[in-house]
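**Q**
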Ligand SMILES: C[S@@+](CC[C@H](N)C(=O)[O-])C[C@H]1O[C@@H](n2cnc3c(N)ncnc32)[C@H](O)[C@@H]1O
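Residue numbers (our numbering): 2 to 325.
Structural data, given as C-alpha cells:
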C-alpha cells in the first residue's frame with residue numbers, strides 16, 4: 002500500500018513497513034540528523050518542514066497514514082477542545098492529515114504511559130478524535146504490545162492504535178501475532194524464546210578493535226550501578242531493558258550498559274538492540290545517533306505491523322473479487 006509517514010525520525014517504522022513490501026510515498030520529520038539518516042538508508046522522500054506548516058494538498062494521496070506522535074505534555078484538561086490545546090498540537094496534526102487524506106487505514110504508535118495518562122481519559126479522547134476524522138467513521142482500537150514478542154532483543158512496551166475506515170474490511174488479526182515469547186511459556190505457545198541481548202550483541206568486537214564498524218565508537222561515560230534508570234546491571238541472558246530518550250527533545254538518552262557490564266553500549270549496539278540491521282548508518286554526532294535510535298520504532302515491530310496491513314489489503318481484494 003502507499004503510506005504517508007509522519008514523525009518518521011530515522012525511519013525505524015518505515016524500514017519495517019518497506020520490508021513488508023509497502024511503499025512509503027512521503028515522510029516528514031523536523032529533526033535534520035534523523036532526516037539525513039532516513040535519506041541515506043531509506044530514500045529521498047522525506048520532507049523536513051515543521052508538520053504544522055505543511056498544507057495537506059502538498060501531501061500525496063495514500064492508503065495508510067502512520068505516525069508515532071510525540072505526546073509529552075499531552076493534556077485533556079478541556080474535554081472537547083483537545084485538538085485546539087497547543088500542547089496537543091502534534092497529535093492534532095496527525096488527525097488533520099488523516100482527516101484531509103482519508104486513508105483506508107492509520108496506525109499510531111505511542112509510549113505505554115498513554116494508557117494511564119489522565120486515568121485513561123487521554124486515550125479515550127484520542128480515539129474519539131480519530132473516530133470522527135472521516136464521515137464514514139474510523140473503527141479505532143488499541144493494544145499494548147511488547148517488541149520482544151516480535152524478535153526484538155529488548156523489553157519495549159508500546160501502545161499501537163489502529164483505525165480502519167468505515168467502508169474497509171477489518172484487520173484479519175490485531176495486534177500482529179507474536180513470533181516470540183518469554184522462555185517460560187514459549188514452548189507451550191509454540192513460539193521462539195525471546196532473543197537475549199547477549200546473543201544480539203555477541204558478534205560486535207570491542208569498539209577499539211572495531212573502528213571499521215559505523216557508529217561503533219566508545220563513550221567516555223562512567224558506569225554506575227545504583228539501580229536508577231540507566232544505572233542498572235544488564236542481564237545478558239534476557240532481552241535488554243527499554244532503550245529510551247529522556248522527556249523532551251533536548252534530553253539525552255538513558256544509558257544502557259553493555260551486557261558485559263564493563264562499559265556503555267555504543268550507538269551501533271543500541272541500534273542492534275532496536276533491531277536495526279548493522280549496515281543502517283546513522284548521521285550526525287554520537288549523541289544525535291543515540292537519540293535517533295532511542296526514539297525509533299524497532300524495524301522488526303514495524304515489519305509485523307506492515308504484514309498485518311498487507312493481510313487486511315489482501316482480504317479487501319478477495320472481498321472485491323467475490324462481489325464481482
Ligand atoms: C518518537 S519520534 C518518532 C520516531 C519514528 N517513528 C521512528 O520509527 O524512528 C518523534 C519524532 O517527531 C519529530 N517531531 C517533533 N516535532 C515535530 C514537528 N513539529 N514537525 C515534524 N516532526 C516533528 C521529532 O523530531 C521525532 O523524530
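Glycine included, every Cβ here is placed at the ideal spot set by N, Cα and C.
As the structure is a computational prediction, the values presented were derived from the model and not from experiment.
Quick check: the stretch 24 to 43 against the stretch 293 to 305, are there 3 or more CB pairs under 8 Å?
**A** yes
**Q** Using the rule of at least 16 other Cβ atoms within 10 Å of the residue's Cβ for burial, across every protein chain shown, is residue 313 buried or exposed?
**A** buried
**Q** What three-state label does DSSP hand residue 279 in the structure shown?
**A** Looking at residue 279 - three-state DSSP - the assignment turns out to be coil, as it is neither helix nor strand.
**Q** Which of helix, strand or coil does DSSP assign to residue 46?
**A** coil
**Q** Measuring only the C-alpha atoms, how far is residue 62 from residue 11?
**A** 22 Å
**Q** So, using beta-carbon positions, are residue 106 and residue 302 closer together than 7 Å?
**A** no
**Q** Should residue 213 be labelled buried (16 or more other beta-carbon atoms within 10 Å of its own) or exposed?
**A** By the 10 Å Cβ count, residue 213 comes out exposed.
**Q** Is the beta carbon of residue 52 within less than 6 Å of some heavy atom of ligand 1?
**A** yes
**Q** Tell me which residues share the same chain as residue 190 and place their Cβ nearer than 6 Å to its Cβ, disregarding the 5 neighbours each side in the sequence.
**A** 182
**Q** For residue 155, is the classification buried or exposed, using 16 other Cβ atoms within 10 angstroms of its Cβ as the cut-off for buried?
**A** buried
**Q** Around the Cβ of residue 262, are there at least 16 other Cβ atoms within 10 angstroms (buried) or fewer (exposed)?
**A** exposed
**Q** Identify every residue that forms a DSSP beta bridge with residue 107.
**A** 66, 164
**Q** Tell me where the alpha helix (DSSP H) around residue 122 begins and ends.
**A** It spans 122 to 132 - the alpha helix (DSSP H) in which residue 122 sits, taken as one unbroken run.
**Q** Please check the pair residue 130 and residue 84, which I expect to be a contact at CB under 8 Å, by giving their CB distance rounded to whole angstroms.
**A** Indeed they touch by this definition, with Cβ atoms about 6 Å apart.
**Q** How long is the line joining the alpha carbons of residue 52 and residue 99, rounded to whole angstroms?
**A** 13 Å
**Q** DSSP three-state label for residue 3, please.
**A** strand
**Q** Where does residue 255 fall in DSSP's three states?
**A** coil
**Q** Below 8 Å, can you find three or more Cβ-Cβ pairs linking the stretch 233 to 242 to the stretch 190 to 204?
**A** yes
**Q** Quick one, which of 160, 16, 7 has its alpha-carbon nearest residue 307's?
**A** Selected option, being the one with the closest Cα: 16.
**Q** Between which two residues does the beta strand (DSSP E) holding residue 293 run?
**A** Careful: residue 293 lies outside any beta strand (DSSP E), inside the alpha helix (DSSP H) at 287 to 296.
**Q** Quick check on the burial criterion: 16 or more other C-beta atoms within 10 angstroms. Buried or exposed for residue 164?
**A** buried
**Q** Which residue comes first and which comes last in the alpha helix (DSSP H) that contains residue 95?
**A** 90 to 102
**Q** What do you get for residue 289, buried or exposed, if any count of 16 or more other CB atoms within 10 angstroms of its CB means buried?
**A** buried
**Q** Give me whichever residues DSSP pairs with residue 24 in a beta bridge.
**A** Under DSSP, residue 24 takes part in a beta bridge, and its partners are 3.
**Q** Within 10 Å of its beta-carbon, does residue 203 have 16 or more other beta-carbons around it, so buried, or fewer, so exposed?
**A** exposed
**Q** Give a single yes or no on whether residue 356 has its beta carbon closer than 6 Å to a heavy atom of ligand 1.
**A** Summary: the structure shown does not reach residue 356, with the chain confined to residues 2 through 325, and so no result is reported for it.
**Q** How big is the Cα-Cα spacing for residue 284 and residue 104?
**A** 32 Å
**Q** Look up residue 222 in the DSSP assignment and say whether it is helix, strand or coil.
**A** coil
**Q** What separation, rounded to the nearest whole angstrom, lies between the Cα atoms of residue 19 and residue 278?
**A** 14 Å
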